[in-house]
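Here the structure comes first, spelled out in structure tokens, and everything after it is commentary.
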Amino acid sequence: MQKNIQNNLITWYNKNHRHFPWRETKNPYYIWISEIMLQQTTTEAVIPYYTRFIETFDTIDKLAKASLEDVYKLWEGLGYYRRAKHIHETAQFICENFHGQFPATYKDILNLKGIGPYTAGAICSIAYGMSTPAIDGNVLRIISRLYALTDNIALTKTQKKISQIVSELLIGYDASSFNQGLMDLGATICRPLNPQCQNCPIAAFCKAKEIGQQKVLPISIKNIKHKELNYITGIITYQDQYLMIQNPAGLLENLYGFIQYELESPYRFMEEFEKQYHLPLSLVSYHGQVKHVFTHRTWHMHIYHFTLSHPYNTMYHLEDISQIPVSTAHLKVLKHYLKQK
Ligand code: SF4
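For reference, each letter of the sequence shown is one residue, going 1 to 341 in full-length UniProt numbering.
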């Protein structure tokens, strides 16, 4: 067999690849679920969620017919809940428009909600063997090093250039093994810091290694504005029940949480609460603060305990809180409060 980048990578992948439950199947539905779960989440964390999800909803039809609450419940703790909502809506869309069969063209897959070029490329190549590139951070890094590209990989035009390079490399080769080979190489050998070039199956072709720049490349300068937000977060109780509300559209859409306002004092919180819910609060105690970091923002939640003299309609006993989908940020708040109490 001719020695080239593709053959070396594919042979290495077939011999050494990592074993995951989603690699035991070519079912595009299962691969889709795994790819969505793997966005922003590590493989180890995804395995139990993936297994439970597929056991519960083994067909697109079952997922489409489930309630959104049931889907959120299986997603609880995985974060970025908008993904779960998109999966649920997309399953319903597939049932209505594709008779419950996962679409089989790149264009139709890319048109599905929550699916971008990377996910569409991964599904098409892994499930259907199509020559579609799947460009993620790993691939951007490997190709930058392989060709000693000095372009900033945070820019769309560089990403397009790399996608073109991978498209050409794929022609005539096993796209599934090649794309997954890049994923594994990036995760285990061509790591962001200290790449293990001595173990790399494509080292002989790597320009960055040749010129000693593998610890410099890729260039990745992002311009992300990270917001720091301070909240007064209210643990509002009536006897042994806790007030929790379902979030409206936004960051933690449809998940339950405590009421919080971006205000500077618990007294202003009480005024705001009374204005909105027409119920007076009594301030009991301060319980310190909890920090929760999202991709583009950090919440600093200053926890105060308030009591109500009358119950409100969305109040839960502690044992019932485990039955509703609660945001991770507010589960942290509850845990902190109970420890302090
Ligand atoms: S030789 Fe080193 S830098 Fe080049 S692709 Fe392999 S691991 Fe990455």
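Ideal Cβ positions, reconstructed from N, Cα and C, are used throughout, including at glycine.
Check whether the segment 65-75 and the segment 37-55 touch, using three or more Cβ-Cβ pairs below 8 Å as the test.
Result yes; three or more Cβ-Cβ pairs closer than 8 Å.
Between Y256 and Q246, how many whole angstroms is the CB-CB distance? I'm expecting something under 8 Å.
Confirmed, Cβ separation roughly 5 Å.
Assign R141 to one of two classes, buried (16 or more other C-beta atoms within 10 Å of its C-beta) or exposed (fewer than that).
When all chains shown are included, R141 counts as buried.
A187: CB within 7 Å of a non-hydrogen atom of the ligand SF4:
Distances taken from the Cβ of A187 to the heavy atoms of the ligand SF4 include none shorter than 7 Å.
Ordered along the chain, which non-local residues of its own chain (more than five positions away) have a Cβ less than 8 Å from that of I94?
The residues are I60, A64, G100, Q101, F102, P103 and L112.
Cα separation between N254 and D174?
Distance between the alpha carbons of N254 and D174 is about 42 Å.
Cβ pair H300, N230 closer than 8 Å:
By the CB criterion at 8 Å, H300 and N230 fall inside the cutoff.
Contiguous beta strand (DSSP E) assignments of at least 3 residues, all confined to the segment 271-331
The segment 271-331 is shown to contain whole beta strand (DSSP E) runs of 3 or more residues at 281-293, 297-308 and 315-317, in chain order.
Residue burial classification, L185 (beta-carbon count within 10 angstroms, cutoff 16):
Burial is judged here by how many other beta carbons sit within 10 angstroms of a residue's own beta carbon; L185 has at least 16 and is buried.
Look up L257 in the DSSP assignment and say whether it is helix, strand or coil.
Inspection of the sequence shows that residue 257 is occupied by Gly rather than by Leu. In the structure shown, G257 sits in a strand (DSSP, three-state: E or B).
Give the straight-line distance between the Cα atoms of F258 and I47, rounded to the nearest whole angstrom.
Rounded to whole angstroms, F258 to I47 spans 30 Å at the Cα level.
Tell me whether L146 counts as near the ligand SF4, meaning its Cβ is closer than 7 Å to at least one heavy atom of that ligand.
Yes - the ligand SF4 has a heavy atom lying nearer than 7 Å to the Cβ of L146.
Output the boundary residues of the alpha helix (DSSP H) element that contains Y128.
Run containing Y128: P117 to Y128, per the alpha helix (DSSP H) assignment.
Helix, strand or coil at E168 according to DSSP, with G and I counted as helix
The DSSP-derived three-state label of E168 is helix.
Give the secondary structure of I228 by DSSP, where H, G and I count as helix, E and B as strand, and everything else as coil.
What sits at residue 228 in the sequence shown is Glu, not Ile. Reduced to three states, the DSSP call for E228 is strand.
Beta-carbon spacing of S177, P133 below 8 Å:
Contact: no.
Under the three-state reduction of DSSP, which class applies to N27: helix, strand or coil?
Correct three-state label for N27: coil.
Opposite Y238 in the DSSP bridges: which residues?
Its beta-bridge partners are Q241.
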